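Chemist: Counting from 1, one number per residue, gives the positions in the sequence shown under UniProt numbering.
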Amino acid sequence: MLSFASKFAHQRLRSKEQGIKEEKKEKEKEKEKEKEKEKEEKAQNDLEEISSNIIYLQFESLSNRKHDQIGKPFVCSCGAALNSFSDFQNEDPQNPSNLIWNCEFCGKKNLIPNELVNQKPEKPETDFVLFQSDLDQKENIDSTGEIVVFCIDISGSMSHRYTIQGTREEIYNFIGRHPEQERVRNKHHMRQRKPLVQQRLQIPNNLNLQLDPFANQQLNQQLNQETNQEKKEEKEEEKKEERTYHNTSYKTRLPEACSARTDADLCRRTSRNQNEQKDIEKLRELGRKWIPPEIGQSKQILLEELKSLTHRGMTALGPALLISSEIAGLKSGSKVVLCTDGQSNVGIGSVESKNEKDDFYEQLSIECKNKGIVVNVLTFDDTDCYLEKIGKVAQETGGDLDIVKPEEMKSKFKEFLSGQVIATQVGIKIFITNDCFIYDSSEQSKEEMKDKNNEFKSIHYEERGNVTADESITYNYDFKTDTNIPAIYVQFQIEYKSVDGSKHLRIITEKLKVTTDEEIAQEEVDLDIINANVLERATEAALRNEHERALRLTNQAQELTNKVMSRAKTHELKMRYETSSNTYLHTNSLVQNQLMMDIEEKKKSPFSRRSDVSIKNYHQSRQYSKMARKRK
Numbered sequence: 001m002l003s004f005a006s007k008f009a010h011q012r013l014r015s016k017e018q019g020i021k022e023e024k025k026e027k028e029k030e031k032e033k034e035k036e037k038e039k040e041e042k043a044q045n046d047l048e049e050i051s052s053n054i055i056y057l058q059f060e061s062l063s064n065r066k067h068d069q070i071g072k073p074f075v076c077s078c079g080a081a082l083n084s085f086s087d088f089q090n091e092d093p094q095n096p097s098n099l100i101w102n103c104e105f106c107g108k109k110n111l112i113p114n115e116l117v118n119q120k121p122e123k124p125e126t127d128f129v130l131f132q133s134d135l136d137q138k139e140n141i142d143s144t145g146e147i148v149v150f151c152i153d154i155s156g157s158m159s160h161r162y163t164i165q166g167t168r169e170e171i172y173n174f175i176g177r178h179p180e181q182e183r184v185r186n187k188h189h190m191r192q193r194k195p196l197v198q199q200r201l202q203i204p205n206n207l208n209l210q211l212d213p214f215a216n217q218q219l220n221q222q223l224n225q226e227t228n229q230e231k232k233e234e235k236e237e238e239k240k241e242e243r244t245y246h247n248t249s250y251k252t253r254l255p256e257a258c259s260a261r262t263d264a265d266l267c268r269r270t271s272r273n274q275n276e277q278k279d280i281e282k283l284r285e286l287g288r289k290w291i292p293p294e295i296g297q298s299k300q301i302l303l304e305e306l307k308s309l310t311h312r313g314m315t316a317l318g319p320a321l322l323i324s325s326e327i328a329g330l331k332s333g334s335k336v337v338l339c340t341d342g343q344s345n346v347g348i349g350s351v352e353s354k355n356e357k358d359d360f361y362e363q364l365s366i367e368c369k370n371k372g373i374v375v376n377v378l379t380f381d382d383t384d385c386y387l388e389k390i391g392k393v394a395q396e397t398g399g400d401l402d403i404v405k406p407e408e409m410k411s412k413f414k415e416f417l418s419g420q421v422i423a424t425q426v427g428i429k430i431f432i433t434n435d436c437f438i439y440d441s442s443e444q445s446k447e448e449m450k451d452k453n454n455e456f457k458s459i460h461y462e463e464r465g466n467v468t469a470d471e472s473i474t475y476n477y478d479f480k481t482d483t484n485i486p487a488i489y490v491q492f493q494i495e496y497k498s499v500d501g502s503k504h505l506r507i508i509t510e511k512l513k514v515t516t517d518e519e520i521a522q523e524e525v526d527l528d529i530i531n532a533n534v535l536e537r538a539t540e541a542a543l544r545n546e547h548e549r550a551l552r553l554t555n556q557a558q559e560l561t562n563k564v565m566s567r568a569k570t571h572e573l574k575m576r577y578e579t580s581s582n583t584y585l586h587t588n589s590l591v592q593n594q595l596m597m598d599i600e601e602k603k604k605s606p607f608s609r610r611s612d613v614s615i616k617n618y619h620q621s622r623q624y625s626k627m628a629r630k631r632k
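1. Could you pull the start and end residues of the beta strand (DSSP E) that Glu463 belongs to?
2. Where Leu82 and Lys389 are concerned, what is the direct C-alpha to C-alpha distance, given to the nearest angstrom?
3. For the structure I just gave you, are there three or more beta carbon pairs, one from the region 587-596 and one from the region 520-539, closer than 8 Å?
4. Sorted by chain position, which residues of the same chain lie with C-beta nearer than 6 Å to Leu116's C-beta, five sequence neighbours on each side aside?
5. Report yes if the C-beta distance between Gly398 and Ser350 is below 9 Å; otherwise report no.
6. Measuring CB to CB, does Val377 end up less than 9 Å from Asp402?
7. With DSSP as the reference, please indicate the residues paired to Ile432 in a beta bridge.
8. For Gln556, collect the residues of the same chain with a Cβ closer than 6 Å to its Cβ; drop the 5 residues on either side in sequence, then sort them by chain order.
9. Mind pulling the beta strand (DSSP E) runs of 3 or more residues that sit fully within the region 491-538?
10. Measure the alpha-carbon distance for Val129 versus Ile70 and round it to whole angstroms.
11. Use the C-beta contact count for Met314: other C-beta atoms within 10 angstroms, 16 or more gives buried, fewer gives exposed.
12. Can you give me the C-alpha to C-alpha distance between Tyr245 and Ser325, rounded to a whole angstrom?
13. Less than 9 Å between the beta carbons of Phe105 and Lys513, yes or no?
14. Who pairs with Gly427 in a beta bridge, going by DSSP?
15. Assign Phe150 to one of three DSSP states: helix, strand, or coil.
16. Looking at C-alpha atoms only, which residue of Gln132, Gln94, Phe88 and Phe150 is the closest neighbour of Lys120?
17. How big is the Cα-Cα spacing for Leu560 and Ser581?
18. Kindly list the residues whose CB is nearer than 6 Å to the CB of Arg610, restricted to its own chain and excluding five residues on each side of it in sequence; keep chain order.
19. Can you tell me whether residue 635 is buried or exposed, with buried defined as 16 or more other CB within 10 angstroms of its CB?
20. With DSSP run on the structure shown, which of helix, strand or coil describes Glu125?
21. Considering only their Cβ atoms, is the gap separating Asn95 from Tyr477 smaller than 9 Å?
22. With H, G and I counted as helix, E and B as strand and the rest as coil, what does DSSP make of Ile422?
23. Taking the alpha-carbon of Asp68 as reference, which of Thr570, His504 and Val499 has the nearest alpha-carbon?
24. Output needed for Lys72: all residues of its chain with C-beta closer than 8 Å, excluding positions within five of it in sequence on either side, in chain order.
25. Could you tell me which of Ser6, Ile494 and Met1 sits nearest to Asp517, measuring between CA atoms?
26. Per DSSP, what are the beta-bridge partners of Trp101 in this structure?
27. What's the C-alpha gap between Glu462 and Gly427?
28. Using a Cβ-Cβ cutoff of less than 7 Å, which residues in the same chain neighbour Glu285 once the five nearest sequence positions on both sides are dropped?
29. When the Cα atoms are used, what is the spatial distance from Lys602 to Ser621?
30. Need the endpoints of the alpha helix (DSSP H) that Gln620 sits in, please.
31. Report the three-state DSSP secondary structure of Phe607 (helix, strand or coil).
32. Helix, strand or coil for Cys76 per DSSP?
33. Drop a sphere of 10 angstroms on the beta-carbon of Gln363, count the other beta-carbons inside from all chains shown, and report buried for 16 or more, exposed for fewer.
34. Let me check one thing: in DSSP terms, what residues is Lys602 bridge-paired to?
35. Going along the chain, which residues of its own chain have a beta-carbon closer than 6 Å to the beta-carbon of Ser441, five neighbours each way excluded?
36. Label Ile473 either buried or exposed according to how many other C-beta atoms from any shown protein chain fall within 10 Å of its C-beta, with 16 as the threshold for buried.
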């Protein structure tokens with residue numbers, strides 16, 4: 001679904017009076033200190049002013065097909081497609097069948113083939129089926145199942161103990177026990193306070209209640225567990241840790257990152273090793289050998305495996321995550337849930353490696369995105385897991401990352417398991433009227449908004465990868481120069497692969513009236529869209545270590561919110577704005593506090609890396625639109 005912050009495109013005219021004021025400001029700036037002048041000059045090169053010229057794309061609609069058409073759409077040479085707003089004109093009286101379509105985006109004239117005259121889309125949103133999957137045609141129900149791989153750290157640090165306070169009933173709920181008879185016999189006993197001491201490695205055992213809905217409903221979801229470890233005493237450990245996976249139809253070994261002597265050597269090697277590429281291929285082969293069964297068959301065995309885990313060795317996170325991605329890659333739309341409490345310190349992907357030529361986790365995130373795999377990263381409070389590195393995998397694949405306390409682990413697992421991928425290999429191409437240009441949150445400066453010809457871009461493309469139903473994204477647009485056009489057009493072309501394997505092209509075209517009146521443009525705006533956009537831009541700037549710019553954006557957004565609320569004409573509209581503002585203020589306060597801490601930290605240690613908490617806060621702030629939608 002495509003939405004706009006305002007029903008109007010606001011054109012801010014560049015008057016002579018404004019130019020005179022800007023010249024005076026420039027002269028005043030020349031008198032300032034050299035350091036301040038450099039900051040102001042840099043700020044002038046960026047489009048930081050917050051406006052209502054924002055487009056909001058919600059991916060939920062991709063799960064619902066809209067007016068399917070087989071084949072490809074008719075497109076102009078610029079790439080824009082024929083749409084419901086297109087008009088046909090006859091410019092040759094001698095040949096009335098020669099109809100011309102003037103492209104709404106570039107203005108070029110296109111001769112319409114006779115067979116397409118009656119096939120112009122009737123609705124603004126149309127879905128073109130580019131490739132029909134055989135699985136879809138056969139209605140193979142099993143093809144819709146996804147694989148969930150739990151990649152759990154069992155290194156020595158997972159022996160760290162937590163003390164959890166609560167009543168006996170709260171503790172029983174936390175560890176997944178429901179002694180109903182005992183609760184009935186002795187309610188007073190259940191209300192008594194009882195501290196629970198658990199190791200980090202015991203926390204994932206609480207998965208049993210989260211898996212029940214999947215098993216009871218006989219979903220086609222498949223689960224597997226992947227562990228990572230290093231063996232110090234290989235021969236003895238191999239005998240002790242030999243694990244076998246039993247099923248009614250077959251018997252095969254549960255794969256582990258270091259399950260045999262050769263695998264232990266493989267995972268122990270660092271990325272400085274000249275055989276790194278061979279090691280990666282061997283790890284991939286280990287993952288491909290494993291075929292996970294359905295959850296109804298695997299749930300009990302999975303839980304038994306979790307209970308039998310023992311902590312030892314270092315953290316071979318890279319090899320384990322690589323194997324997990326290979327297992328999940330058997331089915332597009334599958335998930336990997338990574339649970340760790342420390343940095344990867346051995347094997348491929350070790351953060352201690354001196355070889356920084358290739359970023360292992362960046363490459364892995366690209367592979368996962370292409371395979372349609374979502375990676376969720378879950379770490380513990382008061383740990384250092386170098387989320388700046390491994391967090392990239394979650395961010396790039398559309399997954400979540402979080403730092404939780406032990407008592408929050410169960411609900412977080414449930415949240416990770418509930419999100420469903422609705423499309424993979426998503427690519428978005430956006431067209432806007434040639435008088436305008438469009439940019440996303442990653443394009444912060446004017447130079448980044450220009451094409452190879454040094455002109456502002458009216459066409460934008462990005463590869464999104466995997467998307468879930470509650471995912472969304474915003475874009476900004478503006479006018480290149482002053483113009484008298486009455487309206488502008490925006491077209492989204494979203495190419496994606498559905499979970500059944502078929503390929504689609506969703507085309508959404510909208511028309512917006514243009515106004516130069518700020519009050520009209522900001523009348524009945526959607527503050528949730530504006531706030532979501534600001535947080536995307538601010539967190540993107542923060543992740544690029546441009547903290548001052550991020551602060552300016554959040555402050556300007558608050559000023560715009562106050563201005564819009566003061567102009568509300570009805571009580572209902574004012575109440576709606578207040579609700580939006582309250583939701584935003586909490587997230588905005590979190591971002592601003594984190595920005596201030598990061599600025600202070602950079603002053604103390606200019607070359608220090610960003611903390612895990614900082615990465616988590618910025619990542620979750622980008623999820624503001626999800627919170628806004630839940631509130632609605």
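Backbone N, C-alpha and C fix where the C-beta goes; we use that ideal spot for every residue, glycine too.
Model, not experiment: these values are computed from the prediction.
Modeler: If we stick to the structure as given:
1. Boundaries of the beta strand (DSSP E) around Glu463: Ile459 to Thr468.
2. Cα to Cα, Leu82 sits roughly 43 Å from Lys389.
3. In short, these stretches touch, since the Cβ pair count reaches three.
4. For Leu116, same chain residues with a beta-carbon under 6 Å away, outside a window of 5 residues either side, are Phe74 in chain order.
5. No, Cβ-Cβ distance for Gly398 and Ser350 is not below 9 Å.
6. Contact: yes.
7. Answer by DSSP bridge pairing, in chain order: Val490.
8. Once the five neighbours on either side are set aside, the close Cβ partners of Gln556 are Ile50.
9. Correct list: 503-515.
10. Spanning the two alpha carbons is a distance of roughly 5 Å.
11. So Met314 ends up on the buried side.
12. Unreliable positioning characterises Tyr245 in this predicted model, as indicated by a pLDDT of 32, which lies under 50. A coordinate reading is not provided.
13. No, Cβ-Cβ distance for Phe105 and Lys513 is not below 9 Å.
14. According to DSSP, which records beta bridges pairwise, Gly427 is partnered with Glu463 and Glu495.
15. Three-state result, Phe150: strand.
16. Of Gln132, Gln94, Phe88 and Phe150, the residue nearest in Cα terms is Phe88.
17. Going by the C-alpha atoms only, they are around 11 Å apart.
18. Shown here for Arg610: same chain residues with a beta carbon closer than 6 Å to its own, the five before and five after excluded, namely Glu388 in chain order.
19. A question about residue 635 goes unanswered here, because the residues of the chain that appear run from 1 up to 632.
20. If DSSP states are grouped into helix, strand and coil, Glu125 belongs with the strands.
21. No, the Cβ-Cβ distance between Tyr477 and Asn95 is not below 9 Å.
22. Strand, per DSSP.
23. Selected option, being the one with the closest Cα: His504.
24. The answer, listed in chain order, is Phe128, Leu130 and Leu505.
25. Of the residues Ser6, Ile494 and Met1, the one whose Cα lies closest to the Cα of Asp517 is Ser6.
26. DSSP, once it has assigned bridges, lists Phe88 and Asn110 as partnering Trp101.
27. Going by the C-alpha atoms only, they are around 6 Å apart.
28. No residues qualify anywhere along the chain.
29. Distance from the CA of Lys602 to the CA of Ser621, rounded to the nearest whole angstrom, comes to 21 Å.
30. Taken as a continuous stretch (DSSP letters only), the alpha helix (DSSP H) holding Gln620 covers Asp612 to Ser621.
31. Coil.
32. In the structure shown, Cys76 sits in coil (DSSP, three-state: anything other than H, G, I, E or B).
33. The residue in question, Gln363, is exposed, as its Cβ has fewer than 16 Cβ neighbours within 10 Å.
34. Lys602 pairs with nothing; no bridge assigned.
35. In chain order, Glu536, Arg537 and Glu540 place their CB closer than 6 Å to the CB of Ser441, counting only its own chain and leaving out the 5 sequence neighbours on each side.
36. Looking at its Cβ environment, which holds 16 or more other Cβ atoms inside 10 Å, Ile473 is buried.
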